[in-house]
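Remarks on the structure that follows.
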Amino acid sequence: MGASLDLALRMTFQLRVCLVFATVRIVTLTDPSHPNQVILLDTTAVLGELGWMTYPVNGWDAITEMDEQNRPIHTFQVCHVMEPNQNNWLRSNWIPRQAAQKVYVELRFTLRDCNSIPWVSGTCKETFNLLYLESDEPHGPGARFHAADYGKIDTIAADESFTQTDLGDRVLRLNTEVREVGPIARKGFYLAFQDVGACIALVSVRVYYKKCPSTLRNLAAFPDTVPRMDSSSLVEVRGACVENAEERDTPKLYCGADGDWLVPLGRCVCSIGHEENDGLCLACRASFYKAFAGNIKCSKCPPHSFSHSEASALCHCEKGFYRAAKDPPTTACTRPPSSPRNLVYNINETTLLLEWDPPGDTGGRKDLTYNVVCRRCGGPGQPCDPCVSDVRFIPRPVGLTRTSVAVQDFMANANYTFQIEALNGVSGMGRAARQVANITISTEQAGPSLVGMVRRDWSSQNSIALSWQEADQPHAAILDYEIKYYEKEQEQLSYSSTRTKVPSAIVTGLKPSTVYIFHVRARTAAGYSSYSPKFEFSTGDEDSEEVSDQGQVLVIVTAAVGGFSLLVILTLFLLITGRCQWYIKSKLKSEDKRRTQYQNGHVPFPGIKTYVDPDTYEDPSQAVHDFAKEIDPSRIRIERVIGAGEFGEVCSGRLRTPGKKETPVAIKTLKGGYTERQRRDFLREASIMGQFDNPNIIRLEGVVTKSRPVMIVVEYMENGSLDSFLRKHDGHFTVIQLVGMLRGIASGMMYLSDIGYVHRDLAARNILVDDNLVCKVSDFGLSRVLEDDPEAAYTTTGGKIPIRWTAPEAIQYRKFSSASDVWSYGIVMWEVMSYGERPYWEMSNQDVILSIEEGYRLPAPMGCPVALHQLMLHCWQKERSQRPRFHDVVSFLDKLIRNPSSLLTLVEDVHSLPESPEDMPDYPLFISIGDWLDSIKMSQYKNNFIAAGYTTLDSISSMSIDDVRRIGVSLIGHQRRIVSSIQTLRLQLLHVQQSGFHV
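Read in order, the letters of the sequence shown correspond to residues 10 to 1008 in my numbering.
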């Protein structure tokens, strides 16, 4: 009777639990649209039945509810918590993968807290398993279900579970979990959900893969692109210019693993006659034009021009208006100028001065010039002839830019007609009449020439003797003569004159071997007569007289020697004075720099280089100028994008140095739209790196700050970051090679420590590896200066700290020192020996902090020599004063390299205690297998150990990696973690047994 009653109570409870699941209304909220997700399955969007299969049939229950928008919600529920050994399967329909290589499964579910369910035995679970099976086509209706065919994705646990109280309040705690599945090689796959005794409701399942959606960037179209499986690798996609656009540089985008487009390169520009509008190139409207390809807007037609059609490359000129051949299409159409105004003249003795005003209408142009046309006319009724060549214009007759011209050497008692023509760049175009100003002048007031033929009597290198004949019957007595002369090559610029009362003269002060023009005129009581025609004579020709005077030669030689001596004295004086000034300025500059260093707390000691913190500069750009070399961007050739950093893209390329071969470099660029603070923070790393000179520190080649983009150029490390390099080459290196890498890192850190510098972010991801396996410390974004006091540490407030690599005192008190860098170096050692495994695996940051505080330290990786693990444990001493210095680390590693046999003893081979108990690390004791697995986050394998007969810690301590594989641990990373922990557990148990205790 009692047994029947108990069974009835159990059945009633189970029914009640299921009814509660069915009656609680679930309100779903539709997520915003994700353009970078391609949905393969969404159970909330299916209107009819899902048709999923359950094994056994009475395992999972399908229940359809309606949400607030009256849409169906397909849920699956299972709650067989009263019965042991549950194995209930729910399988989805076949899901085609389309273009995906990796898919994401989003689960939304609720789960009942086992402790809140009365009368439940220990078989109640709070997890379920997610599995999958690949296939090229759907299984037929008669296909049998084989659980062994399915591969496990993960064990799903709830962050929040609900209790009986939550049910009474009709509150449902909804959990959302997302898992990655891939790579998927077949055409599709099934999802399966395995219940092993939980009370759970599966509310929705959404399966999707990520893509970079088609987009328009820089007038180029980029298609939908699926990222690569490798999350660190970008897919390069070339874009196609939109219609009516053309390439300037090949447009490219890079598709990231999360479906985001990164690193836009190159661009397209709108063609002639088209402008950019909302990412497209549209034709210019009528009355608008665009003459050049580029991303500029269409312009309204310039004045006096028009365009009647769309997509015009230029605007045509209105009637009567023109463009010159050199005028760009952007200029207004113009016309020839009108005639000059107010032309007047003035005769001064034998010079005629013509002056005028500019035209009233310049035609809209500024390139206005004037031409003078001269004609000499005879008596009435006689034709006018062009002026003879003797008429001289100063400065010239054509191409004048001033509104005046002087005319000389015209004939007396003649009539001259002058036309002044205004011109501009479009004169002569079309059929417009020439516009001129006319004036007729009589030269009667200019007296006749009273000088006949002028001849040269003799000449020397500096003098010419002239004589001439007087007029036969002058109308008045001649008072004197004026001789005007000038160099033939300089006749338009200036002239000289001299006077004489006789018809001869000696003109002196001339240049040797030079042709001169001479004019002579007479002066009477009535004034000057006209100049004689021009006569040409040269100095220093074959008829010249050689004048040699010994005294003059002596004076010339003496003057030359004296001048040379004076020049030498002046030169020496200037050199000595300049040298002194240079020395004084250098001395003052050196003293000023030393004073500045002293004020900033950086007093350089002889022979010791001290790091200077860029933050001590009032102007941070000065620190960049002092420590980093500016590079001409034309010397840099960017080849490809290799990643993305905090401030912008990271590219590889070449640096061209005059007289040397091109050097491969890595280029960090500052993305556009940066603030001044971002620019300062970006260049701060360069001002730090520029102070370092060590083969194990990344070398700064220089910076580009005077043009865009702003760049930091460093040496190129072919193998990239150390952590990804080790993961890629897992197990490929000997122990001595790994120790060599560690030695290089320690050497670089020793250099930084010696100059008073704390890195603060030492991790394998911040170590770069070249093609010779040389490791170099990089990434100085978190670095700070360490003062001269060896006990001093940098204290900061706020900011992110890399918990898994950071010493306890730095986490708790924000104090950093070289000793905290030593702790981080110990973590790097563990990363290297485990080939890039994540320190502390999947433990949360809070768990890591608590575990370290309780004395837990990372166990030795598989294949790790005892000596190296002991060094790690020394680096992880809680008291920072007890940790080794980097000098000690380098010395210890050198001893290991010189004595390779010391590396043969591996931790997993140790079967006896160390010589001294002090050498044994203080690990926490574990009471049960469950405690031990919980400590390494491997509790999902608890049943595997128990089912295989491993029920005590003693039995586990003897397991090998083959034993771990046999009990069902298939993931390599989990195998390593469990075996590494077993090695530590083995040492711990030996220590406990030695002490007389038994676990």
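All residues carry an ideal CB built from backbone N, CA and C; glycine is no exception.
Residue closest to residue i, alpha-carbon to alpha-carbon, out of the options
{"i": "H83", "options": "F118, P65, P874 and V90", "result": "F118"}
{"i": "R644", "options": "G68, G652, V414 and V713", "result": "V713"}
{"i": "L116", "options": "I487, L200 and R195", "result": "L200"}
{"i": "S966", "options": "Y950, V723, T993 and H738", "result": "T993"}
{"i": "E255", "options": "S308, S240 and C279", "result": "C279"}
{"i": "N304", "options": "R276, A322 and E724", "result": "R276"}
{"i": "G864", "options": "W885, K785, R986 and I981", "result": "W885"}
{"i": "P512", "options": "Q879, Q478, P311 and P673", "result": "Q478"}
{"i": "L877", "options": "N854, E364 and P909", "result": "P909"}
{"i": "G265", "options": "G288, N286, S241 and G248", "result": "S241"}
{"i": "M881", "options": "L59, P105 and V898", "result": "V898"}
Endpoints, the alpha helix (DSSP H) within which residue i is located
{"i": "H528", "result": "Premise fails: H528 lies in the beta strand (DSSP E), V524 to T533, not in any alpha helix (DSSP H)."}
{"i": "A956", "result": "K951 to A956"}
{"i": "A819", "result": "P817 to Y822"}
{"i": "C383", "result": "From DSSP, C383 is part of no alpha helix (DSSP H) but of the beta strand (DSSP E) over T378 to C386."}
{"i": "S506", "result": "From DSSP, S506 is part of no alpha helix (DSSP H) but of the beta strand (DSSP E) over S505 to T509."}
{"i": "I707", "result": "Careful: I707 lies outside any alpha helix (DSSP H) and carries neither H nor E."}
{"i": "Q86", "result": "No alpha helix (DSSP H) holds Q86; the beta strand (DSSP E) holding it covers P81 to C88."}
{"i": "P629", "result": "P629 to F636"}
Residue i burial status per 10 Å Cβ neighbour count (16 or more: buried)
{"i": "H1", "result": "One cannot answer for residue 1 here, as it falls past the ends of the chain, which runs 10 to 1008."}
{"i": "T5", "result": "The question about residue 5 has no answer, for the chain in this structure spans 10 to 1008."}
{"i": "Q499", "result": "exposed"}
{"i": "S538", "result": "buried"}
{"i": "D780", "result": "exposed"}
{"i": "A637", "result": "buried"}
{"i": "F171", "result": "buried"}
{"i": "D788", "result": "buried"}
{"i": "S756", "result": "buried"}
{"i": "K111", "result": "buried"}
{"i": "G57", "result": "exposed"}
{"i": "L980", "result": "exposed"}
{"i": "V988", "result": "buried"}
{"i": "F301", "result": "exposed"}
{"i": "R889", "result": "buried"}
{"i": "Y525", "result": "buried"}
{"i": "D394", "result": "exposed"}
Limits of the beta strand (DSSP E) - the one that residue i falls within
{"i": "C264", "result": "A254 to C264"}
{"i": "P667", "result": "Per DSSP, P667 belongs to no beta strand (DSSP E) and is neither H nor E."}
{"i": "S125", "result": "S125 -> no beta strand (DSSP E), and no H or E assigned at all."}
{"i": "F7", "result": "Outside the shown range of the chain, which is 10 to 1008, sits residue 7, and nothing can be said about it."}
{"i": "P718", "result": "First-last for P718: undefined, no H or E at that position."}
{"i": "E496", "result": "I487 to E496"}
{"i": "N138", "result": "T136 to S144"}
{"i": "A210", "result": "C208 to K219"}
8 Å contact criterion, which residue i and residue j should meet: CB distance rounded
{"i": "E840", "j": "K715", "result": "No, E840 and K715 are not in contact; Cβ-Cβ is about 40 Å, not under 8 Å."}
{"i": "D830", "j": "M947", "result": "Their Cβ separation, rounded to whole angstroms, is 31 Å, which puts D830 and M947 out of contact at 8 Å."}
{"i": "V1035", "j": "I906", "result": "Within the shown structure, residues of the chain are numbered from 10 to 1008, placing residue 1035 beyond reach of any answer."}
{"i": "S316", "j": "F330", "result": "Not confirmed; about 14 Å, so no contact."}
{"i": "Y113", "j": "V187", "result": "6 Å"}
{"i": "L771", "j": "Y834", "result": "6 Å"}
Cβ-based neighbour list, residue i, same chain, cut-off 7 Å, excluding 5 preceding and 5 following
{"i": "V400", "result": "C383, V416, D418 and F419"}
{"i": "D267", "result": "K219"}
{"i": "F544", "result": "V463 and F527"}
{"i": "C293", "result": "G282, H283, E284, K299, C307, E319, A320 and S321"}
Chain-order list of residues whose beta-carbon lies under 6 Å from that of residue i (same chain, five-residue window excluded)
{"i": "N728", "result": "F734 and V778"}
{"i": "Y607", "result": "Below a pLDDT of 50, predicted positions are generally treated as unreliable, and Y607, at 34, falls in that range; the measurement from the model is reported next regardless. Result list for Y607: empty, nothing under 6 Å."}
{"i": "S990", "result": "P868 and I945"}
{"i": "R665", "result": "R644 and E671"}
{"i": "M438", "result": "Y331"}
{"i": "E491", "result": "S506, R508 and R530"}
Sequence-distant residues of the same chain with beta carbon closer than 8 Å to residue i, five excluded per side
{"i": "Q107", "result": "V47, L49 and Y218"}
{"i": "S360", "result": "The amino acid at residue 360 is misidentified as Ser; the sequence shows Thr. Only A415, V416 and Q417 meet the Cβ criterion."}
{"i": "D258", "result": "L274, G275 and R276"}
{"i": "V212", "result": "I35, T37, I82, T84, R117, F118, T119 and L183"}
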